[in-house]
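Numbering (the numbering used here), first residue to last: 8 to 296.
Structure (structure tokens):
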């Protein structure tokens, strides 16, 4: 956790807790059973006080931020008071918002400048719950999404692509279009090879080169339905050129790296690069002339 807000960084965030009520098999920051909510709350309130008013965006992350309970709304209201123009990007598994009252309280914190990033690991409860390792998490997340939609809270649906769910990518567009047409953004994300991914490598890791057909089908179908879809954490040299318009420079500045060969690549200025934290990279990394 940073001690200051850096206005020149693309990754200013408030870390709420290292605890989580999911146990996702590919989590890049495995949860800890640590009583840290009070300590981080005080630090975060002080960070908000010291942040420059012209700050464009601020992340809220963990762990699972909603484990802070109603104090999360106290923190959000403090952001709104001190940083009225700052966009808030809150990363959450969405389960707490299965409680409609909890979703309503979030909306009262200024829903027009809050975007929730909520992971949906598959279009089926069985696959989603296998990845989170929590039975019933799919049902709670879906209900949470509906309650958030009820209050017009912006939603970014996040799909981290793994060996366990890549085959279902072609089924996702139809599922999202029919069941979650109110989401604002859909983010399809490459896997960071760290944390639980290392422990669960055989079950989780897949070279992105091996799911390009499924990814292409999903992205182009979402585009055809005029849904706002983006690709994150995958360098351009891995992607077919048809997907380049959807690829974003997304990796946090403090953990972005480029290999030596990337210096010769014509697409480096537009490329997200690689995770410096990842211990494994795709076999498809190459220079684009």
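Glycine residues also receive a C-beta, built at the ideal position from the N, C-alpha and C atoms.
Of the residues assessed, residue 46 falls on the exposed side of the cut-off, its CB having fewer than 16 other CB atoms within 10 angstroms.
By the neighbour-count criterion, in which a residue is buried when 16 or more other Cβ atoms sit within 10 angstroms of its Cβ, residue 39 is exposed. The stretch 193-202 and the stretch 129-148 do not touch, with fewer than three beta-carbon pairs separated by less than 8 Å.
When secondary structure is reduced to three states using DSSP, residue 197 falls in the coil class, being assigned neither helix nor strand. Distance from the CA atom of residue 35 to the CA atom of residue 128, rounded to whole angstroms, is 15 Å. Residue 27 places its beta carbon less than 8 Å from that of residue 71. Classified as buried, residue 102 has 16 or more neighbouring CB atoms from the shown chains inside 10 Å of its CB.
Residue pairing by DSSP places residue 258 in no beta bridge whatsoever.
Sequence-distant partners of residue 57 (beyond 5 residues in either direction) whose C-beta falls short of 8 Å from its own C-beta, in its chain, are 11, 12. DSSP places residue 62 in the coil class of the three-state scheme, outside both helix and strand. When only Cα atoms are considered, residue 203 and residue 263 end up about 20 Å apart.
If you ignore the 5 residues before and after residue 104, its C-beta comes within less than 6 Å of the C-beta of 110, 151, 154, 155, all in its own chain and listed in chain order. Between residue 23 and residue 65, the gap from beta carbon to beta carbon reaches 8 Å or more. Taken through DSSP and simplified to helix, strand or coil, residue 271 comes out as helix. Where residue 20 is concerned, the enclosing beta strand (DSSP E) starts and stops at 20-22. Our two residues, residue 218 and residue 124, have alpha carbons roughly 23 Å apart in a direct line. Rounded to whole angstroms, the separation of the alpha carbons of residue 281 and residue 241 is 8 Å.
Secondary structure remark: continuous alpha helix (DSSP H) runs of at least 4 residues inside the stretch 184-259, in chain order: 203-206, 208-211, 219-231. With a contact defined as Cβ atoms closer than 8 Å, residue 78 and residue 48 qualify at about 6 Å. With a cutoff of 8 Å on beta-carbon distance, residue 194 and residue 211 are scored as not near each other.
Rounded to whole angstroms, the gap between the alpha carbons of residue 271 and residue 294 is 6 Å.
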